[in-house]
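What follows is a set of notes on a single structure, which appears directly below.
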Amino acid sequence: MTRPHVPDLAAALTHGSRMPLLGFGTWQIKGDDAVRSTAAALEAGYRHLDTATVYGNEGEVGRALAESGVARDDVFVTTKVPGDRSGRALDTLRQSLDLLGTDHVDLWLIHWPTEVAVELWGELVEARESGLTREIGVSNFDTDLIDEVTKAIGPAPAVNQIEWSPLLFDADTLAGHRDRGVVLEGYSALRGGTLEHPTIVGIAQRLGRTPAQVIIRWHLQHGIVVIPKSVNADRIRSNADVADLELTDDDMAALDALGG
Ligand SMILES: NC(=O)c1ccc[n+]([C@@H]2O[C@H](COP(=O)([O-])OP(=O)(O)OC[C@H]3O[C@@H](n4cnc5c(N)ncnc54)[C@H](OP(=O)(O)O)[C@@H]3O)[C@@H](O)[C@H]2O)c1
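The numbering of the sequence shown is this note's numbering, which starts it at 399 and goes up by one.
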């Protein structure tokens with residue numbers, strides 16, 4: 399089987415890390431499926447894995463990474479702390495590290511906002527200073543809350559992971575993140591009817607590609623991180639096979655126009 403042409407594109411984060419723009423999402427993949435799918439992603443050339451405490455698969459993701467033969471330092475690993483773990487966040491991270499079989503993650507995110515977001519952010523800052531994570535960020539935050547945690551306890555989150563796709567494109571949201579030096583990471587790009595949307599299907603047919611590849615490539619050309627999930631080895635490979643796909647300016651504009 400030919401190896402996919404995986405794009406070598408990355409975002410520069412606050413503390414100097416290089417975050418591959420393409421990662422592998424692992425939500426709802428459990429047990430042996432999680433080991434198999436993560437192994438298939440690493441074999442296909444993904445060098446960025448996205449998990450979370452609440453996914454219940456950090457042990458399986460860590461096992462696949464350890465068995466892959468790929469050096470730990472060559473893989474960008476993200477996990478997330480539940481938003482309500484204020485006061486216990488560092489213990490949660492140590493459990494994540496044990497399960498993942500590593501002494502640090504590359505990115506640790508607050509999974510969702512709560513009224514204790516500022517306190518929790520302070521614990522993430524502490525974890526980074528202790529070397530347990532290289533970078534820290536948030537998920538499902540709006541820019542007002544990003545400003546609130548930044549003002550209370552800087553620096554700004556390196557990343558905000560939010561739901562994103564051509565159908566959710568919003569130039570102001572993207573610019574708001576850029577203005578704050580926050581990298582936008584999108585999730586669930588292949589859900590919500592994107593794969594069947596006639597504009598996306600039309601571009602895919604013209605280029606002889608899949609709708610998923612068009613959506614993934616659209617993120618990359620915007621400099622947005624994208625983390626497609628699949629349990630299917632063929633889809634895992636084809637979703638990453640986008641290095642030599644180029645969307646025209648007209649394609650990009652047509653896809654942007656699908657947003658709200
Ligand atoms: N921070 C948060 O709150 C949050 C929330 C949601 C997700 N996430 C992260 O973002 C990742 C991605 O989001 P997601 O898992 O919701 O959805 P996704 O990656 O956008 O879509 C996954 C769905 O698309 C299917 N799929 C994958 N590739 C395909 C292809 N080439 N053609 C047709 N169908 C395809 C998958 O089915 P098969 O598996 O059967 O291929 C699965 O049903 C998650 O895994 C997780 O890591 C974070």
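Ideal placement from N, C-alpha and C gives every residue a C-beta, glycine not left out. These numbers come from a predicted model, not from an experiment.
Heavy atom of ligand 1 within 7 Å of residue i beta-carbon
| i | result |
| --- | --- |
| Y444 | no |
| W534 | It is Ile, not Trp, that sits at residue 534 in the sequence shown. Answer for I534: no, Cβ out of range of ligand 1. |
| V473 | no |
| A438 | no |
| V629 | yes |
| S537 | yes |
| S484 | no |
| L605 | no |
| T626 | Note that residue 626 is Pro in the sequence shown, not Thr. Yes. |
| D642 | no |
| S494 | no |
| Q619 | no |
| T340 | The displayed coordinates of the chain run from 399 to 658. Any statement about residue 340 would go beyond what the structure contains. |
| N558 | no |
| L588 | yes |
| N637 | yes |
| D448 | yes |
| W661 | For residue 661 there is no data in the structure shown, the boundaries of the chain being 399 and 658. |
| G461 | According to the sequence displayed, residue 461 carries Arg and not Gly. R461: no, Cβ never under 7 Å from ligand 1. |
| R615 | no |
| L407 | no |
| W510 | yes |
| W562 | no |
| G423 | yes |
| T608 | yes |
Buried versus exposed call for residue i [16 or more other C-beta atoms within 10 Å across all chains shown]
| i | result |
| --- | --- |
| V452 | exposed |
| S563 | buried |
| Q559 | buried |
| A554 | buried |
| S494 | buried |
| P596 | exposed |
| A655 | exposed |
| R526 | buried |
| D649 | buried |
| A651 | exposed |
| E456 | buried |
| S628 | buried |
| S528 | exposed |
| K478 | buried |
| E458 | buried |
| D659 | The structure shown does not extend to residue 659, since the chain spans only 399 to 658, so no value can be given for it. |
Simplified DSSP state of residue i, which is helix, strand or coil
| i | result |
| --- | --- |
| H403 | coil |
| P418 | strand |
| T449 | coil |
| D504 | strand |
| N630 | coil |
| N637 | helix |
| S466 | helix |
| A554 | coil |
| G423 | strand |
| L530 | coil |
| G659 | Here the chain covers residues 399 to 658 and nothing more, so residue 659 does not appear. |
| A655 | coil |
| I544 | helix |
| K478 | strand |
| G606 | coil |
Neighbour flag for residue i against chain C, beta carbons, 8 Å
| i | result |
| --- | --- |
| V459 | Here chain C cannot be found, since the structure has a single protein chain. |
How about the stretch 628–642 and the stretch 425–443: do they share at least three Cβ pairs that are nearer than 8 Å? In short, these stretches touch, since the Cβ pair count reaches three.
Do the stretch 586–600 and the stretch 402–421 touch if we need at least three Cβ pairs shorter than 8 Å? Too few Cβ pairs lie closer than 8 Å, so no.
Counting Cβ pairs, one atom from each stretch, are 3 or more of them under 8 Å apart for the stretch 619–631 and the stretch 579–586? The stretch 619–631 is in contact with the stretch 579–586.
Touching or not, the stretch 424–436 and the stretch 467–481, by the rule of three or more beta carbon pairs under 8 Å? Result no; under three Cβ-Cβ pairs closer than 8 Å.
Contact the stretch 482–491 vs the stretch 510–523: 3+ CB pairs below 8 Å: Taking 8 Å as the limit for Cβ pairs, the verdict is that the stretch 510–523 does touch the stretch 482–491.
Given 8 Å as the limit, is there contact between the stretch 540–555 and the stretch 641–652, that is, 3 or more CB pairs closer than that? With the cut-off at 8 Å, the stretch 540–555 and the stretch 641–652 do not touch.
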